[in-house]
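Every position in the sequence shown, counted from 1, becomes a number in this note's numbering once 15 is added. Note that the Cβ used here is the ideal one computed from N, Cα and C, for glycine as well. Small disclaimer: the values here were computed from a predicted structure and weren't measured. Below you'll find the structure, written out as structure tokens, and then a few comments.
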Amino acid sequence: MLAQRLPSILPPLAPKELLEVSMIASVAGELGEGKLTDRRPFRAPHHSASMAAMVGGGMRARPGEVSLAHHGVLFLDEFPEFTPQTLDALRQPLETGDCMIARANHRVTYPARIQLIAAMNPCRCGMAGEPGYRCLRGERCRTDYQARISGPLLDRIDLRIEVPAVSAGDLIRPDRSEKSAAVALRVARARTIQRERFERLGVTSATTNAHWPHPSGRSDFLSHELGAGGAGGVEALARARQT
Ligand SMILES: [Zn+2]
16 MLAQRLPSIL PPLAPKELLE VSMIASVAGE LGEGKLTDRR PFRAPHHSAS MAAMVGGGMR
76 ARPGEVSLAH HGVLFLDEFP EFTPQTLDAL RQPLETGDCM IARANHRVTY PARIQLIAAM
136 NPCRCGMAGE PGYRCLRGER CRTDYQARIS GPLLDRIDLR IEVPAVSAGD LIRPDRSEKS
196 AAVALRVARA RTIQRERFER LGVTSATTNA HWPHPSGRSD FLSHELGAGG AGGVEALARA
256 RQT
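Spelled out as structure tokens, the structure:
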């Protein structure tokens, strides 16, 4: 539910992004009646999706879900239910932002800069952590299920949050949450600030921190933005990452 609302707060596609998204959709034969839209893609393949469907493949090296979600969101519900091969195949696109399909006699590379959102139950029966409940299989219900997501894949996910079950009381309480339109304005403002920062540094190939082109240059950029006191903090962060 939360993930499905995400596209409503994302900024519209920039003209260059729109072109890339449209080209991939066209290659995949998904450009309905030639209509272009500046809405960011939101793809939610079922957990029975094959590896080829996820990262691309087949006789004509068709782009997969991960490329069809380029510049948008790839939402994987019931994350541990995907096959280990399919999940493993996500590691390369998450790392590099593109997806290579190797055929017998040629290779095709499609862009795949995505925001991955994954959701999972805490255990196979879905009840672990509920007050007053014990899984029939005990602690293994939780540990075996969570172990289906490999460490290297988990490492590529920046934010992990536990969402407690919704109670009947939550449902009848008055709605105090922000509307998507208000959040979308904040997101757009943040994007503008970031674009202006990049412009000051002469960077044209990135619009967000995640796509900063030179990993080694990130600390320079952060130091620049944080001012004189920033460098020490950045070095500390870098050290922390290495430990
Ligand atoms: Zn359980």
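Nearest neighbour of residue i, chosen from the options [CA to CA]
i	options	result
residue 24	55, 33, 31, 44	55
residue 35	186, 51, 199	51
residue 44	64, 59, 26, 76	76
residue 117	91, 109, 72	72
residue 182	204, 146, 215, 85	146
residue 58	144, 84, 143	84
residue 156	144, 165, 167, 166	144
residue 53	87, 63, 61	87
residue 151	160, 140, 161, 113	140
residue 65	128, 224, 161, 99	99
residue 168	218, 110, 227	110
residue 125	204, 225, 113	113
residue 131	171, 26, 47, 186	171
Residue i beta carbon near ligand 1 (any heavy atom closer than 7 Å)
i	result
residue 162	no
residue 143	yes
residue 150	yes
residue 114	no
residue 139	yes
residue 157	yes
Continuous alpha helix (DSSP H) stretch holding residue i: start and end
i	result
residue 173	Segment: none, residue 173 is in no alpha helix (DSSP H) and carries neither H nor E.
residue 187	183–187
residue 160	155–161
residue 204	195–215
residue 17	17–20
residue 131	Counting along the chain, residue 131 falls outside any alpha helix (DSSP H), though it belongs to the beta strand (DSSP E) covering 130–133.
N-terminal and C-terminal residue of the beta strand (DSSP E) that residue i is part of
i	result
residue 38	Premise fails: residue 38 lies in the alpha helix (DSSP H), 30–42, not in any beta strand (DSSP E).
residue 115	113–117
residue 124	122–126
Closer than 8 Å to chain C by CB, residue i
i	result
residue 179	Within the model displayed, chain C is absent; a lone protein chain is all it includes.
query: Can you list, in chain order, the stretches of the beta strand (DSSP E) that have 3 or more residues and sit fully within the segment 52–107?
result: 88–91
query: Taking one C-beta from the segment 85–103 and one from the segment 123–141 each time, how about it: are there three or more such pairs within less than 8 Å?
result: yes
message: Taking contact to mean 3 or more Cβ pairs, one atom from each stretch, closer than 8 Å, check whether the segment 190–205 and the segment 101–118 are in contact.
response: no
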